[in-house]
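Protein chains in written order, with the working numbering: chain B, 3 to 264; chain H, 3 to 264; chain R, 190 to 499; chain P, 190 to 499.
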Amino acid sequence: MPQFQKKTQIIRIERFASDIVRLTLDSPDIASVARPGQFVMIRTGNGKDPLLRRPFSISQTSNQKHFQILFKVVGRGTLLLSHCREGEFLSVLGPLGSGFTVDCQRMNCLVGGGMGIAPLLFLGKTLSRTCPENSPLVVVGSRTKEELEPLVNDFNEIGLTVHPATDDGSLGHHGLVTDVLKKLDLRGDSEIFVCGPHPMMAAVHFFCEERGYACQVSMETSMACGMGACLGCIVPVKNGAYAHACSDGPVFDSKELLWQVR
Amino acid sequence: MPQFQKKTQIIRIERFASDIVRLTLDSPDIASVARPGQFVMIRTGNGKDPLLRRPFSISQTSNQKHFQILFKVVGRGTLLLSHCREGEFLSVLGPLGSGFTVDCQRMNCLVGGGMGIAPLLFLGKTLSRTCPENSPLVVVGSRTKEELEPLVNDFNEIGLTVHPATDDGSLGHHGLVTDVLKKLDLRGDSEIFVCGPHPMMAAVHFFCEERGYACQVSMETSMACGMGACLGCIVPVKNGAYAHACSDGPVFDSKELLWQVR
Amino acid sequence: MASEVNGVDLRVSIGSLKLKNPVMTASGTFGYAREFEPYVNLHRLGAVVVKGISLEPRFGNPPPRIVETSCGMLNAIGLENVGVERFISEKMETLRQVNVPVFVNILGDTLDEYREIASRLAGVEGIAGIEVNISCPNVKKGGVAFGTDPEMAAVVTKAVKENSTVPIMVKLSPNVTDITVIARAVEDAGADAVSLINTLIGLAIDHRSRKPALANVIGGLSGPAIKPVALRMVYQVAQAVSLPVIGVGGIETTEDVLEFMLAGATAVQIGTANFVNPRASEEAVEGLAHYVATERLGSIREMIGGLVLP
Amino acid sequence: MASEVNGVDLRVSIGSLKLKNPVMTASGTFGYAREFEPYVNLHRLGAVVVKGISLEPRFGNPPPRIVETSCGMLNAIGLENVGVERFISEKMETLRQVNVPVFVNILGDTLDEYREIASRLAGVEGIAGIEVNISCPNVKKGGVAFGTDPEMAAVVTKAVKENSTVPIMVKLSPNVTDITVIARAVEDAGADAVSLINTLIGLAIDHRSRKPALANVIGGLSGPAIKPVALRMVYQVAQAVSLPVIGVGGIETTEDVLEFMLAGATAVQIGTANFVNPRASEEAVEGLAHYVATERLGSIREMIGGLVLP
Ligand SMILES: Cc1cc2nc3c(=O)[nH]c(=O)nc-3n(C[C@H](O)[C@H](O)[C@H](O)COP(=O)(O)OP(=O)(O)OC[C@H]3O[C@@H](n4cnc5c(N)ncnc54)[C@H](O)[C@@H]3O)c2cc1C
Ligand SMILES: Cc1cc2nc3c(=O)[nH]c(=O)nc-3n(C[C@H](O)[C@H](O)[C@H](O)COP(=O)(O)OP(=O)(O)OC[C@H]3O[C@@H](n4cnc5c(N)ncnc54)[C@H](O)[C@@H]3O)c2cc1C
Ligand SMILES: Cc1cc2nc3c(=O)[nH]c(=O)nc-3n(C[C@H](O)[C@H](O)[C@H](O)COP(=O)(O)O)c2cc1C
Ligand SMILES: Cc1cc2nc3c(=O)[nH]c(=O)nc-3n(C[C@H](O)[C@H](O)[C@H](O)COP(=O)(O)O)c2cc1C
Ligand code: FES
Ligand code: FES
Chain B
3 MPQFQKKTQI
13 IRIERFASDI
23 VRLTLDSPDI
33 ASVARPGQFV
43 MIRTGNGKDP
53 LLRRPFSISQ
63 TSNQKHFQIL
73 FKVVGRGTLL
83 LSHCREGEFL
93 SVLGPLGSGF
103 TVDCQRMNCL
113 VGGGMGIAPL
123 LFLGKTLSRT
133 CPENSPLVVV
143 GSRTKEELEP
153 LVNDFNEIGL
163 TVHPATDDGS
173 LGHHGLVTDV
183 LKKLDLRGDS
193 EIFVCGPHPM
203 MAAVHFFCEE
213 RGYACQVSME
223 TSMACGMGAC
233 LGCIVPVKNG
243 AYAHACSDGP
253 VFDSKELLWQ
263 VR
Chain H
3 MPQFQKKTQI
13 IRIERFASDI
23 VRLTLDSPDI
33 ASVARPGQFV
43 MIRTGNGKDP
53 LLRRPFSISQ
63 TSNQKHFQIL
73 FKVVGRGTLL
83 LSHCREGEFL
93 SVLGPLGSGF
103 TVDCQRMNCL
113 VGGGMGIAPL
123 LFLGKTLSRT
133 CPENSPLVVV
143 GSRTKEELEP
153 LVNDFNEIGL
163 TVHPATDDGS
173 LGHHGLVTDV
183 LKKLDLRGDS
193 EIFVCGPHPM
203 MAAVHFFCEE
213 RGYACQVSME
223 TSMACGMGAC
233 LGCIVPVKNG
243 AYAHACSDGP
253 VFDSKELLWQ
263 VR
Chain R
190 MASEVNGVDL
200 RVSIGSLKLK
210 NPVMTASGTF
220 GYAREFEPYV
230 NLHRLGAVVV
240 KGISLEPRFG
250 NPPPRIVETS
260 CGMLNAIGLE
270 NVGVERFISE
280 KMETLRQVNV
290 PVFVNILGDT
300 LDEYREIASR
310 LAGVEGIAGI
320 EVNISCPNVK
330 KGGVAFGTDP
340 EMAAVVTKAV
350 KENSTVPIMV
360 KLSPNVTDIT
370 VIARAVEDAG
380 ADAVSLINTL
390 IGLAIDHRSR
400 KPALANVIGG
410 LSGPAIKPVA
420 LRMVYQVAQA
430 VSLPVIGVGG
440 IETTEDVLEF
450 MLAGATAVQI
460 GTANFVNPRA
470 SEEAVEGLAH
480 YVATERLGSI
490 REMIGGLVLP
Chain P
190 MASEVNGVDL
200 RVSIGSLKLK
210 NPVMTASGTF
220 GYAREFEPYV
230 NLHRLGAVVV
240 KGISLEPRFG
250 NPPPRIVETS
260 CGMLNAIGLE
270 NVGVERFISE
280 KMETLRQVNV
290 PVFVNILGDT
300 LDEYREIASR
310 LAGVEGIAGI
320 EVNISCPNVK
330 KGGVAFGTDP
340 EMAAVVTKAV
350 KENSTVPIMV
360 KLSPNVTDIT
370 VIARAVEDAG
380 ADAVSLINTL
390 IGLAIDHRSR
400 KPALANVIGG
410 LSGPAIKPVA
420 LRMVYQVAQA
430 VSLPVIGVGG
440 IETTEDVLEF
450 MLAGATAVQI
460 GTANFVNPRA
470 SEEAVEGLAH
480 YVATERLGSI
490 REMIGGLVLP
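What follows is the structure in structure tokens.
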């Protein structure tokens with residue numbers, strides 16, 4: 003699988019909320035080979051502090067030229083990144099990791115929470131193209147309308163119907179995405195694609211297990227290298243062993259992983 | 003002596019050459035008490051790398067409100083500083099150190115090389131004001147016209163006549179400032195104020211010693227604190243002892259220091 | 190002495206000494222305190238530790254003495270100081286006017302020197318405690334040997350303790366295989382507290398000139414770069430001894446202070462950070478008060494050793 | 190094997206082994222090399238050192254295993270590896286296809302394990318050398334003890350040497366009072382080279398959760414933060430032994446490599462920098478070639494130990 007280390011130019015910056023930013027980066031190399039569920043590692047500054055790259059899902063590609071990342075400011079790296087200006091260059095490694103595996107025969111349902119929605123946009127776009135007969139369901143949740151609406155619009159633009167949920171009820175269901183998911187009329191052969199906070203993914207996993215649905219999760223862990231070299235990014239699997247989020251994942255069949263019953 | 007730790011806003015950025023920048027900073031506290039020869043310590047970035055502040059001479063003040071620094075990009079700190087934008091804030095400590103001591107009765111002569119010209123502008127301005135009868139002579143040298151001319155203009159604006167020298171002959175004398183100095187018709191009671199590369203200051207010191215002129219030098223050393231706390235910024239004085247450039251200086255009577263005969 | 194900031198209990202004890210809060214400044218990074226008066230309300234600090242004092246005045250090492258490294262700095266000041274006599278007559282004079290406990294950091298090349306300097310300081314008004322530097326890596330004799338050998342460390346501790354009228358805090362070197370061995374040795378020898386860490390020995394080279402960046406060749410590494418090492422050693426020592434442990438190394442913010450206290454520190458010293466932010470120490474005091482208030486702690490002492498193991 | 194880059198002589202020797210240039214990659218930071226094929230022309234490197242291998246497979250420590258610190262990172266991977274058998278059957282298979290000398294980093298909890306793993310690797314095609322990890326701070330047994338005690342270090346060295354058919358390089362721990370003592374011990378025991386430093390032991394705490402940032406509590410500090418310590422130790426060891434010294438610790442750029450060589454390193458290993466810039470190792474090779482050319486050196490070997498003292 004081709005991977006690149008590139009200086010990519012920031013060609014667009016969108017601010018969805020004070021702490022939520024979307025960058026459009028110019029990189030034909032990466033954009034033309036990326037698959038939904040893959041991610042990139044980005045240097046957030048030029049100095050040695052912060053030292054390590056930060057992982058971000060590829061949230062959309064366009065024209066095999068550009069790709070987007072959508073992120074929330076949670077610490078120093080993302081803060082630095084949020085101060086970037088259009089025209090600047092960022093050092094990017096990618097595309098990294100495995101992507102989602104899709105089966106057009108199934109009933110596909112994308113479930114995203116917070117920044118976990120990022121990779122699902124890309125997945126939704128790809129599903130609409132590759133399985134035109136079979137539109138996926140989309141359930142996405144976030145804190146508030148302000149940050150969710152632009153993403154809902156993006157799904158709508160691809161022609162997908164979205165079931166939104168917000169913590170404050172400002173858009174769609176007032177509550178959790180899992181509430182919405184549970185109320186959907188899902189076929190027995192459904193496959194759920196989920197990305198979001200860990201507790202949400204755990205809840206969806208148990209729900210799918212109960213119902214016998216297939217479930218793919220995209221796992222976030224701390225990562226130093228993003229390419230299978232440091233062995234830092236593990237997620238517990240069955241039998242006391244570990245899988246590596248960056249190279250074995252970040253997308254996993256949820257049944258392979260070890261989930262703590264809450 | 004009052005000293006401040008302030009977030010100061012950058013209100014103007016001038017680029018004299020690709021690697022020479024002048025910043026005008028808004029700080030009534032510092033601008034209103036600063037004296038020629040004093041300096042400030044500036045944080046060049048927000049992270050922990052580069053860790054330490056960098057020292058810069060106060061190169062001019064205006065209206066007791068603003069002050070300027072003039073610097074050359076030589077490393078990471080100055081590079082970061084050169085990327086600043088107008089409107090941004092810089093953390094500044096100052097004014098620090100002792101300034102030049104002036105005596106209006108003497109024939110005063112300012113000798114500056116490269117970025118050493120920075121504090122002499124401030125000194126020239128102060129001398130013109132405090133000793134209006136007795137304009138100082140000004141000898142300044144730099145690599146090339148491009149970077150020297152704006153400074154010569156600034157001296158001219160205060161009404162001072164400048165004897166320039168450039169390494170490439172593009173402005174004034176083709177060669178060293180010390181050549182120019184030696185050809186000036188200096189009175190026996192002359193006092194030379196010199197700031198520039200160490201070899202230049204040594205040459206001027208020996209010249210003054212030979213002729214019996216008073217000589218004040220502004221010394222540059224590596225500094226961690228700028229306020230007499232780290233003891234890192236020493237310059238050798240007589241008897242194997244050391245003086246501290248930040249608190250005993252940076253301006254010294256050249257006769258107090260130990261100069262290596264070249 | 191106000192023992193509370195905004196009604197919040199930040200008090201900690203080092204031996205018989207009560208500090209109004211756990212924030213001290215580290216030796217060699219805060220001058221003789223007066224340098225920081227423009228920036229800091231000195232009386233709000235827990236204590237200040239002054240630059241290391243030797244029996245005789247020392248000129249220190251030739252320049253360059255400092256060089257920046259990644260998230261840190263190397264120094265080889267070589268213990269420049271005015272000597273104990275001038276320290277007492279000149280520096281203590283002004284230090285007494287500052288309403289803050291003063292620790293005098295002392296060092297010697299020989300056991301006798303430690304003993305003499307301690308005796309000379311005994312009874313001098315205004316000294317709250319003595320910090321015994323057995324760890325400075327810059328002076329060839331004395332320093333290194335005392336701090337890396339448990340027996341020598343104990344002997345020095347005993348000598349200073351016997352000749353002191355105030356609590357003594359022994360400052361440990363991190364350049365050892367097992368710092369807990371040294372810590373236990375000085376505890377047994379009568380120390381009232383241990384402070385750690387002093388600087389890690391390092392080297393920087395200028396590849397252009399092919400010369401060491403410091404005239405002394407090697408120097409002491411300090412700053413955020415060494416914080417993980419300091420935190421680990423504080424954690425280990427706090428478990429090994431029952432003395433108060435004073436954490437030093439890369440501390441800058443309130444969060445850093447909390448981390449060292451969780452690891453087991455009773456108090457901390459802020460060093461290199463004073464150069465970057467002269468207000469760091471006072472801001473940490475304010476930050477701790479805020480923390481105790483918002484977390485509704487009975488006192489900051491609840492944090493000491495509060496690390497939750499997985 | 191091309192021994193010159195652009196007609197420039199970068200060759201160095203480690204025992205009987207000739208490397209085409211002094212740039213190696215450090216164990217645990219370069220996977221099994223193939224991970225870096227998208228970014229690096231592996232055959233241009235001096236050598237690669239693979240992730241530490243034990244006799245039996247290990248799952249390693251639970252997460253979190255890594256945390257960033259100021260200009261550095263802590264890791265507690267816990268030596269996750271597939272074990273020597275699968276290493277030989279799976280990993281060596283692909284490594285042989287890469288035209289670059291391969292060092293296998295090995296570790297054991299007991300002397301016997303070191304001996305067995307060395308015997309098992311003896312004669313395996315495609316192994317250029319063995320790096321003996323006596324210094325890993327993450328595993329409670331074995332690691333620390335071997336690397337901090339000169340006698341144990343010597344015993345392990347001898348055991349591996351006696352059972353190996355290729356040059357062995359012993360990797361030293363920096364967590365000791367005097368690293369030259371350990372270096373001399375392994376030299377006397379028959380090591381062909383020493384590599385240093387492994388990580389410094391450190392701790393990071395999340396003050397919000399009051400928990401250690403790593404599940405293993407302590408971890409190994411690497412990256413630019415530790416470079417001054419590594420450079421100092423390389424300088425000391427290079428003067429203490431006559432073996433080739435391989436410098437490791439915070440190396441990222443050509444300038445870093447030059448500094449370690451000036452301090453006495455015959456070759457270097459690039460570690461954490463591979464994560465930040467996967468091309469760091471190849472760029473250093475290019476940079477050295479450029480340096481030798483522009484400085485008109487006969488060979489890069491002229492730099493080794495070339496530090497000019499003041
Ligand atoms: C494969 C992958 C894809 C990701 N995609 C996205 C994305 O599309 N958009 C997005 O906003 N974020 C994404 N993340 C998370 C993102 O990498 C982190 O938010 C970022 O690294 C934080 O960097 P920082 O320097 O700002 O914060 P730090 O200063 O490093 O940490 C600040 C706080 O965030 C927490 N944190 C750090 N890293 C993570 C992490 N990986 N997961 C959860 N919490 C973390 C820390 O524990 C700490 O409390 C992804 C992570 C992975 C592994
Ligand atoms: C009192 C004082 C006043 C100063 N005033 C000015 C000024 O008005 N304008 C200006 O451009 N510079 C001035 N300097 C020098 C300025 O501080 C340095 O150029 C700056 O610190 C370099 O920082 P850096 O991070 O860019 O370089 P670094 O990465 O720190 O160093 C890059 C190179 O510059 C050299 N260098 C670093 N510091 C100094 C220094 N203090 N003197 C000489 N060489 C140095 C280093 O040895 C290295 O080779 C002054 C210095 C002092 C002590
Ligand atoms: C410039 C400088 C001078 C120092 N001088 C002394 C000293 O005289 N005595 C001493 O015990 N420690 C001295 N130290 C060590 C500090 O007190 C402290 O232990 C060390 O710097 C680690 O803390 P930090 O990372 O917060 O700086 C000095 C440190 C620096 C940076
Ligand atoms: C994630 C990680 C894993 C490591 N694993 C090993 C290992 O298996 N064996 C070993 O000898 N050293 C190991 N090391 C230590 C490195 O090889 C190197 O000695 C250390 O990181 C210092 O170099 P650096 O600062 O360039 O990273 C590891 C380091 C890191 C960061
Ligand atoms: S992030 Fe390094 S192995 Fe996954
Ligand atoms: S710079 Fe710290 S004492 Fe002068």
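Glycine included, C-beta positions come from ideal geometry on N, C-alpha and C.
**Message:** For Gly331 of chain R, would you say it is in contact with chain P, using Cβ-to-Cβ distances shorter than 9 Å as the test?
**Reply:** On the third sequence, position 142 is the one that residue 331 of chain R refers to. Any reading at Gly331 of chain R is ruled out, since the residue's pLDDT is 43, under 50, leaving its predicted position unreliable.
When the Cα of Val239 of chain H is compared with those of H:Gly79, H:Leu150, H:Phe254, which residue comes out closest? Mapped onto the second sequence, residue 239 of chain H falls at position 237. Comparing alpha carbon positions, the residue from H:Gly79, H:Leu150, H:Phe254 closest to Val239 of chain H is H:Phe254.
Sequence-distant residues of the same chain with beta carbon closer than 6 Å to Val271 of chain R, five excluded per side | One-based indexing of the third sequence puts residue 271 of chain R at position 82. Apart from the 5 residues on each side of it in sequence, Val271 of chain R sits with its Cβ closer than 6 Å to the Cβ of Pro246 in its chain, given in chain order.
key: Cβ contact (3+ pairs, closer than 8 Å) linking the stretch 392 to 404 of chain P and the stretch 242 to 262 of chain R   = Two segments are said to touch when three or more pairs of C-beta atoms, one from each, lie closer than 8 Å; by this definition the stretch 392 to 404 of chain P does not touch the stretch 242 to 262 of chain R.
Ordered list of beta strand (DSSP E) runs contained in the stretch 432 to 486 of chain R, each at least 3 residues: Counting whole runs of 3 or more residues, the stretch 432 to 486 of chain R contains the beta strand (DSSP E) stretches 434 to 437, 456 to 459.
State yes or no: is the C-beta of Ser100 of chain H nearer than 8 Å to some heavy atom of ligand 6? Counted from its first residue, the second sequence places residue 100 of chain H at position 98. Every heavy atom of ligand 6 is 8 Å or more from the Cβ of Ser100 of chain H, so no.
Practice item. Return yes when the C-beta of Thr75 of chain B is under 8 Å from any heavy atom of ligand 1, and no when it is not. Key: Taking the first sequence and counting its residues from 1, one reaches residue 75 of chain B at position 73. In the sequence as presented, Thr is not what sits at residue 75 of chain B; that position holds Val. Yes.
> What residues from chain P crowd round Pro4 of chain B, counting only those whose CB sits closer than 9 Å?
Replying inline: Counted from its first residue, the first sequence places residue 4 of chain B at position 2. Those within 9 Å of Pro4 of chain B in chain P are Pro227.
| So which of B:Thr103, B:Ile60, B:Phe124 has the shortest CA-CA distance to Leu95 of chain B? | As a first step, residue 95 of chain B is located in the first sequence; it is residue number 93 there, counting from the start. Nearest of B:Thr103, B:Ile60, B:Phe124 to Leu95 of chain B, Cα basis: B:Ile60.
#### Entry: the stretch 11 to 22 of chain H in contact with the stretch 43 to 59 of chain H per 3-pair CB rule at 8 Å
Taking a cut-off of 8 Å for Cβ pairs, the stretch 11 to 22 of chain H and the stretch 43 to 59 of chain H do not touch, as fewer than three such pairs fall below it.
Listed by chain order, chain H residues near Ser259 of chain P by CB distance under 7 Å: The residue labelled residue 259 of chain P in the question sits at position 70 within the fourth sequence. Lys50, listed in chain order.
* Indicate the three-state DSSP secondary structure (helix, strand or coil) for Ala222 of chain P in the structure shown. => Reading the fourth sequence from its first residue, position 33 is the one you call residue 222 of chain P. Correct three-state label for Ala222 of chain P: coil.
Please specify which runs of the alpha helix (DSSP H), each continuous and at least 4 residues long, are wholly inside the stretch 353 to 383 of chain P, giving them in chain order. Considered as a whole, the stretch 353 to 383 of chain P harbours 368 to 377 as its complete alpha helix (DSSP H) runs of no fewer than 4 residues, in chain order.
Where Pro57 of chain H falls, given that 16 or more other Cβ within 10 Å makes a residue buried
Numbered from its first residue, the second sequence carries residue 57 of chain H at position 55. Per the 10 Å Cβ criterion, buried.
Discussion item. Rounding to the nearest angstrom, what Cα-Cα distance links Gly234 of chain B and Met225 of chain B in this structure?
Written reply: Residue numbering aside, residue 234 of chain B sits at position 232 when the first sequence is read from its first letter. Residue numbering aside, residue 225 of chain B sits at position 223 when the first sequence is read from its first letter. Taken atom to atom, the span from the alpha-carbon of Gly234 of chain B to that of Met225 of chain B is near 6 Å.
Does any residue of chain P bring its CB to less than 9 Å from the CB of Arg200 of chain R? Here residue 200 of chain R is taken as the residue at index 11 of the third sequence, counted from 1. By this cut-off, Arg200 of chain R is not an interface position.
Residue range of the unbroken beta strand (DSSP E) whose run includes Val113 of chain H:
Your numbering for residue 113 of chain H matches position 111 in the second sequence. Unbroken beta strand (DSSP E) run through Val113 of chain H: 110 to 115.
Bridge-paired residues (DSSP) for Arg24 of chain B: Here the question's residue 24 of chain B lines up with position 22 in the first sequence. Bridge partners of Arg24 of chain B: B:Glu16, B:Leu72.
- Item | CB contact below 9 Å: Gly177 of chain B versus chain H | Sequence index remark: in the first sequence, residue 177 of chain B carries index 175 (1-based). Using beta-carbon distances, Gly177 of chain B does not count as an interface residue toward chain H, since no partner is under 9 Å.
Could you pull the DSSP bridge partners for Pro401 of chain P from this structure?
As a position in the fourth sequence, residue 401 of chain P is number 212, starting the count at 1. Pro401 of chain P has P:Ile394 as its beta-bridge partners, per DSSP.
Who are the near neighbours of Lys147 of chain B in its chain, counting only those whose CB is closer than 7 Å to its CB and skipping five residues on each side?
Walking along the first sequence from the start, residue 147 of chain B turns up at place 145. Here the set comprises Thr168, Ser172, Leu173.
**Request:** Sort R:Val426, R:Leu451, R:Thr455 by Cα distance to Ile368 of chain R and report the nearest one.
**Result:** For this step, residue 368 of chain R is matched to residue 179 along the third sequence. Closest option to Ile368 of chain R, judged by alpha-carbon separation, among R:Val426, R:Leu451, R:Thr455: R:Val426.
In chain order, each alpha helix (DSSP H) run of at least 4 residues that lies wholly inside the stretch 191 to 253 of chain B | Counting only runs of 4+ residues, the alpha helix (DSSP H) found wholly inside the stretch 191 to 253 of chain B occupies 200 to 213, in chain order.
Worksheet item: In three-state terms, what does DSSP make of Arg37 of chain H?
Response: Position 35 of the second sequence, counted from the first residue, corresponds to residue 37 of chain H. Coil.
*Excluding the 5 residues preceding and the 5 following Gly99 of chain H in the sequence, name in chain order all residues of the same chain whose CB lies nearer than 8 Å to its CB.*
By 1-based counting over the second sequence, the position of residue 99 of chain H is 97. In the same chain as Gly99 of chain H, and ignoring 5 residues on each side of it, the C-beta atoms closer than 8 Å to its own belong to Gly39, Gln40, Phe41, Gly228, Ala247, Cys248, Ser249, Gly251, Pro252, Val253, in chain order.
- Task: Starting from Ser208 of chain P, trace the beta strand (DSSP E) both ways and give me its first and last residue.
- Result: Counting from one through the fourth sequence, the residue named residue 208 of chain P turns up at place 19. At residue 208 of chain P the sequence reads Leu, which differs from the Ser that was named. Run containing Leu208 of chain P: 206 to 208, per the beta strand (DSSP E) assignment.
- Any C-beta of chain B under 9 Å from that of Arg78 of chain H: Walking along the second sequence from the start, residue 78 of chain H turns up at place 76. Yes, its Cβ sits closer than 9 Å to a Cβ of chain B.
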